[in-house]
Structure formats: structure tokens, C-alpha cells
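Going down the list, the protein sequences come from chains D and B. For the first sequence, counting from 1, position 276 maps to 276 in my numbering; every step adds exactly one. Numbers in my numbering are just positions in the second sequence, counted from 1, shifted up by 1000. Glycine included, C-beta positions come from ideal geometry on N, C-alpha and C. Presented below is the structure to which this report refers.
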Amino acid sequence: MALNFDLTEEQNLTRQAVRDFAEKEIAPVAQLLDEREEFSVELTRKMAEIGLLGCCVPEKYGGSNIGYTSYIIAVEELARVDGSQAATIAAANSLGIGPIYQFGNEKQREEWLPRLCSGDILAAFGLTEPEAGSDAGSSQTRAELRGDHWVINGSKIFITNSACSLTGVIIVQAITGRRGDGKLEVSCLLVPADAAGLTAREMKGKMMWRASNTGELFFDDCAVPEVNLLGKRGDGFHQMLSTLDRGRLSIAAMGLGGSQGAFELAVQYANSRVQFGRPISSFQVNAFKLADMALEIELARNLLYKACWLLENERPFTVEAAMAKLYCSEVMHRCVHHAVQLHGGYGLMKDYRVERMYRDQRLLEIGEGTSEVLRIIIARNIGIAGRAM
Amino acid sequence: MNLIVCVKEIPDPETPASAFAIDPEAKRAIPAKDTPPVISPFDEQAVEAALRMKDELGGKVTVLSMGAPSAEKVLKHTLSMGADEAFLLNDGAFDNPDSTSTAYALAQAIKKVGEYDIVFCGRQAGDFDAGQVGSGIAESLGIPSVTVVKKIDVSDGKARVERVLPDGYEVVEVSLPALVTVSSELGEPRYATLKGIMAAAKKTVPVWNTQEIGAESSKVGASGARTKIQKLFIPVRESKCEMLEGENEEEAASKLALKLREVKLI
Ligand SMILES: Cc1cc2nc3c(=O)[nH]c(=O)nc-3n(C[C@H](O)[C@H](O)[C@H](O)COP(=O)(O)OP(=O)(O)OC[C@H]3O[C@@H](n4cnc5c(N)ncnc54)[C@H](O)[C@@H]3O)c2cc1C
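So, in C-alpha cells, the structure goes:
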């Protein structure tokens, strides 16, 4: 009797509340923000007001503590309407607030979490570098302990929430020395956005997530107090892997929510568009597209929720998280493709929501582990000979 | 302040008429299976009015609904918005009520809650739009009521209430306890918050039946109804399009103006 697919009351209420919010507050402005390539402080603050920042953080730090599955449902509902706002929330929770709560000491938690949960400021996670994307291990940014300060030199690229007026702190992964076994020692440092020697530049000209903030960061003898070390010295690599495992679930949620949104638009449009005297949905070739979408969305949801269930029940979930991220983002690829096809020429026009979804989908197969990298992670865990790479 | 709000669960008012079937025998509208039940929009604003008052003056917000077991969801929504407690009136005897028997049952429940300073209702329910239950409750409780309200200020045991008129508003002073029916001019209701949801999920919504609210069974539901629905049907709407020609824009515009005057639209 253990198998049970019912969501809890909290999870259902979360879906209803976030959907209501997204329809009323995000849907009316999403197209304009996308067109202007504008990150909205106002909308971010509104999302914070209903508790979308600090979803998995206890109330004593200002979080809403709704649990991981509810958080994933919230991201899903945001992405059903707009990828950019979902990205802001997913990055802020999974990549910013998450590691500070998971690995921070009590003082760091108290210093940062309340302001992060209230939406006063945002936290970003700086891992990717110009020369280190999928190959995160080849990063070059270094931090050297001089007296009681870490002095950072290097750069980061494509960092979500890192270059806007709300950016308050950036978790920066840097090489802090060499370990006993000769390998590089990697640690994470909390770098306040106003630290001297840090320059943040907003990256413009994105094809997708145009209302989400993406920054490029330059560290030039940027000094932060020694106590800004996150967790233990040398734990950076492990912290990064753990953060990405969890973060992947929220990217998966964006794929699932986006698929759902595209599916609903496609059904609506195909039912109302008449050609040859019949709604185009009544042509079998089109109905089958919609049937395939419904099928894959069902599978994607089951896989993602199962991965969340594993996490919440403290079971290993790395492989399932990789599978969910890979599958949900590729399902959305197929769903937006079908949805645009069903819209015909109109689907290519910016006045139609599906056009934005088509573009927003593209990141999901690249960020937080490309589809190729995720296949490597899965392949390494299914008992095939050699180390798949 | 002890504040009580009465709310009703209705089929989503955004639902097009074509999604309803009519049972002409039972004289009931049957929504399509996937029509989500929601809180009646004016009632959500009544909850907002009570919560604003609680934010300002402190106190407790209690929400009541008479309806099907599914109305618990609507009540949980009000708890997620910040209401303190909620009760559901559910009993076979409450079925098929009219405004009179609904008002009677809710008034009995309000008496059971006990202390109250203000009772809030929506100006009308978003399904039948009758707008009579609020005043009916006030009548049953023997307290004053002000309808179609957009603002309420309380001081010295009195409420100063702004009541919406077609061309503005009037200010009414009313002694407490009193009942108000809230209109959309109050402003947008707040969203449920995720913290509110966590709190709401921990609360139970007790269910009250006829006996528990101390009501006479002859006065509730269909037995207590004083009105009868003679016929229930979806009206057929017809629209006609007439193109007005003109040599130039001015001529076309003046023809349009004359036509609009002819059909008494201006
Ligand atoms: C909008 C946006 C937001 C982002 N936000 C953040 C953030 O907040 N924080 C952060 O740290 N990073 C962030 N990133 C960076 C993102 O995680 C990287 O872009 C991603 O990891 C891929 O790295 P890359 O772009 O350097 O591509 P590369 O690693 O250069 O990959 C190029 C191609 O080569 C393939 N490839 C690489 N190695 C292999 C291999 N071994 N086998 C097979 N194929 C391979 C890849 O799959 C890909 O198709 C963001 C990126 C974008 C676009």
C-alpha cells in the first residue's frame, strides 16, 4: 500500500496559489519585459511577498519552508506562464539561498537568509567561467588568503541574478590552493555585490530568458573577509555538485511547466482555428501531436516528482535528478515544437505566447549541465564498462 | 475586533455559458466536469476587507461557508490568505436553499461563533447575482447592514462606511455590530502566501450541521425557501452587425452617432 500518487494539501494549495499569481501578475507583463529585455525588480519583490524566495528554508530565517516538492510545483507553475520569472526564482532558491542554508554556518545564515527570503536582495551562484563550462573542473579563478582576507582574481560568465540592482551576494567558486594529494583545492566564498575589486556587467542580447538577469563578473584583487568562506575550505567541489543536483530539479520543473503551458496553448488554438471547415485539432495528424504531448508531460511529471520524493525522503537522487532535468527539458523541446507547428504562421509572431516559450525552452538543454553532460552522468551510473566520457 | 466573513463556493465565473448543462426538471445548472469551483469573487474581497481591518486593528477573522464538502477548499484558500479559522455548514437539509434559508442558516452559525463586531459578505454571489443573503443575515441577527461597500473605518465603536453609488459614493455611519456587503471598488484581494498555505494546511475546518447551529430544519435548505425557480435556461444572445458607409470619416462618424442615438445608446 505504500505507492501513492496523491499530492498533499500543501502541494495542491501551492499550485493553485502560484498559478493564480502567475496568471494575474506575470502573464500580463511577460511579453513586454521579454521585448525590452528587462529584469523587473517590482515583479521579483511581488514574488518574494507571496513567499517564493526561501521556499525550502525554515521560518526562523524568513523562509516559507514549503518543502522541496511544493517548491518544484511553484517553479513549474511560474514556467507554465513565463520562463524568465521561473528562472529568477529557481536560481535564487536553488543556487543562491540553497547553498547558504545548506553549507553556511549560523552566522552566515543569519547574516544573509532573512534579507534573501524577503526579496530585499538576491544571491547568485558563480561557477561557470569563459574557459570552464561543462568542464567545471578546469576553472581558473583563484582566491589567496592574505592576512585575514581572501583575495580573488579571475572571472565568471553567465551568472543568473548576479548583475542587477537586487544582487546582494555571489557565491564564488575559486581555487584556494593544492590538496595533500596534489589536486587543486576548491572552495566557495561569499562575495558581497559591493565588494571592492568586483565588477559585474549585465549580459545583453539573450535569445531566451530575456527578463531574467544574467551577469559577467570580473574579480581584480577583490578582497573579502576570511570568515566569508562557505562551509569548509576545500569543500567547494562537493558543494557545487550537491547544489547542481538539487538545482537540476528546478530546471526540470521549468521544462515540465513550460511543456504544460505550451500544451494548453496548443489545445486552445487547435480547437479554435478552423481550416477546411473544421477545427484543425480534428485532423488526426494534429490530434496525435497533442496526444504525444499529453503522454510525455505525464511521464515527465512522474519522473520529476519521483526524484523530488527521493530527495525529500533522504534517498540518493543524483541519477534521477539528471534524468528528470534531461527528460523534462527535451519534452519541452518537443512540446514547443509541436505547439508552434499547430499555430502555423501565428506561432512565429511575438504577439503569441508560444513564440516566447519556443525560445525560452532552448536554455534548458544547456544550463546546469548540457543534455550531453547529463547523459554522461546517467551513463556512469548504469553499469556500463569503462568510465563513460 | 471579531470579524466574521461569509463566503460561497461557485463554478468559476470565467466559464462560458456553453460549458453548462441545464437540468430543466431539477432546475439546476450543471457545470462541465472540469469547471473548477472557486470562491465567489466579491466574497474574496469581503475576506480582504476583514483582513485589512485585522491588519490595522488586530483581532480575529472567522470564515463561514454553507455548501458542499468541496467548499472546504475555498475555506482553506481564505485561511491561506490569512484568516484565522473557518467552519463549513454542510448537511443534506441545507440543500437547494434560496436567499432566505441561506441567510437564516448563516445567521445561526454566526450566533454559534458568538462574539462579533462586523460581519462581511460579498455584495452578491458570482453565480446567481441575487445579492440578498447579506441583508437577510443582518435581518435575522437584528443588526444594521450597509450594502455595496468600498471602505470601512472603525473608531469609538462605530463604523464609517463608504457605500458605492452609480455616480460616486456616500458615507454612512453605523453602530456596531453591523453587517457590510463588500464591492469590487474595495480593491484587489491579497494573494495566498506560501507561509499562509503551510499554516492553513495544519488547520482543520469543522463541519456543522442543522443541529449544531441550533437551526430549525423547517427553516433551512429547500424547506425554508420562500422563492421557487420557475424556469432555468440559458438565454439566447443575438448580435447583428450593420456597416455604415460614408464619403469620408466625418460623414461616417456622424452617421454612427445618429445611429447610436436612434437605438438610445447615447
Ligand atoms: C542564461 C544562462 C544562465 C546561466 N546561469 C548560470 C549560473 O547562474 N551559474 C553558473 O555557474 N552558470 C550559469 N550558466 C552557465 C551554464 O551552466 C553553462 O553555459 C553550461 O554549463 C555549458 O557550458 P558552456 O556554455 O561553456 O558550454 P561548453 O561546455 O563549451 O559546451 C559546448 C558543447 O559541447 C558539449 N560538450 C562539452 N563537453 C562534452 C563532453 N565531455 N562530451 C560531450 N559533449 C560535450 C556540450 O554538451 C555542448 O553541447 C548559465 C548559462 C546561461 C546561458
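Reduced DSSP secondary structure (H/G/I, E/B, other) of residue i
i        : result
V1119(B) : strand
Q173(D)  : strand
E1085(B) : strand
W1208(B) : strand
D1023(B) : strand
L7(D)    : coil
L184(D)  : strand
V1146(B) : strand
Q1124(B) : coil
V191(D)  : strand
E1014(B) : coil
Q239(D)  : helix
S1175(B) : strand
R1028(B) : strand
I159(D)  : strand
V41(D)   : helix
P130(D)  : coil
S1065(B) : strand
P316(D)  : coil
T88(D)   : helix
V1133(B) : helix
A1225(B) : coil
According to DSSP, residues forming a beta bridge with residue i
i        : result
K1151(B) : E1162(B)
M1198(B) : Partner(s): none; M1198(B) has no beta bridge.
R142(D)  : N153(D) and I175(D)
C328(D)  : Paired residues: none, contrary to the question.
N1002(B) : K1060(B)
L122(D)  : T167(D)
Q275(D)  : R278(D)
I97(D)   : Looking at the DSSP assignment, I97(D) forms no beta bridge with any residue, so it has no partner.
I218(D)  : According to the sequence provided, residue 218(D) is Phe. The question's Ile does not apply to it. In the DSSP output, where bridge partners are listed per residue, F218(D) has S155(D) and T199(D).
Y305(D)  : Looking at the DSSP assignment, Y305(D) forms no beta bridge with any residue, so it has no partner.
V1113(B) : Looking at the DSSP assignment, V1113(B) forms no beta bridge with any residue, so it has no partner.
Between the CA atoms of residue j and residue i - distance to the nearest angstrom
i        : j        : result
L53(D)   : K1027(B) : 48 Å
G1082(B) : L13(D)   : 14 Å
Y68(D)   : D1127(B) : 37 Å
E368(D)  : A270(D)  : 34 Å
I1010(B) : D1023(B) : 17 Å
S1184(B) : E111(D)  : 42 Å
A324(D)  : L295(D)  : 15 Å
H149(D)  : D181(D)  : 25 Å
M254(D)  : K350(D)  : 21 Å
T1193(B) : V1113(B) : 26 Å
L1075(B) : L1260(B) : 46 Å
E1250(B) : E23(D)   : 41 Å
K1231(B) : S259(D)  : 44 Å
I1229(B) : S1223(B) : 14 Å
K1253(B) : V1263(B) : The sequence as given places Ala at residue 1253(B); Lys does not occur at that position. C-alpha separation (whole angstroms): 16 Å.
A1086(B) : P1206(B) : 7 Å
T8(D)    : D1156(B) : 45 Å
A241(D)  : A1021(B) : Sequence inspection shows Leu at residue 241(D); the Ala mentioned does not correspond to that position. The straight-line gap from Cα to Cα measures roughly 55 Å.
I382(D)  : I376(D)  : 10 Å
A307(D)  : P225(D)  : 38 Å
R142(D)  : E106(D)  : 26 Å
Q140(D)  : G51(D)   : 37 Å
Distance between beta carbons of residue j and residue i, contact taken as under 8 Å
i        : j        : result
L1088(B) : A1071(B) : 6 Å
D1091(B) : T1204(B) : Contact flag wrong, Cβ pair sits at about 18 Å.
E10(D)   : I1197(B) : 6 Å
L249(D)  : A321(D)  : 5 Å
V1047(B) : P1189(B) : 7 Å
A211(D)  : E49(D)   : The Cβ separation is near 18 Å, so there is no contact.
Count the C-beta pairs between the segment 17-30 of chain D and the segment 63-79 of chain D that are closer than 8 Å, then say yes if the count reaches three, no if not. Yes, the segment 17-30 of chain D is in contact with the segment 63-79 of chain D.
The segment 1032-1039 of chain B contacting the segment 1056-1074 of chain B, beta-carbon criterion three pairs below 8 Å: yes
Pairing CB atoms from the segment 195-204 of chain D with CB atoms from the segment 161-175 of chain D, are three or more of them under 8 Å? yes
Examine the Cβ distances between the segment 227-246 of chain D and the segment 272-286 of chain D and report whether three or more of them are shorter than 8 Å. no
Evaluate the contact criterion for the segment 353-361 of chain D versus the segment 80-91 of chain D: three or more CB pairs, one atom per stretch, below 8 Å. yes
Are at least three pairs of beta-carbons, each pair with one atom in the segment 26-33 of chain D and one in the segment 93-112 of chain D, less than 8 Å apart? Fewer than three pairs of CB atoms, one per stretch, sit closer than 8 Å, so the segment 26-33 of chain D makes no contact with the segment 93-112 of chain D.
Below 8 Å, can you find three or more Cβ-Cβ pairs linking the segment 327-345 of chain D to the segment 212-220 of chain D? no
Quick check: the segment 125-133 of chain D against the segment 50-66 of chain D, are there 3 or more CB pairs under 8 Å? no
Report yes or no: do the segment 1143-1151 of chain B and the segment 1162-1182 of chain B share at least 3 C-beta pairs separated by less than 8 Å? yes
Three or more C-beta pairs closer than 8 Å, one from the segment 1092-1103 of chain B and one from the segment 1215-1222 of chain B: is that the case here? yes
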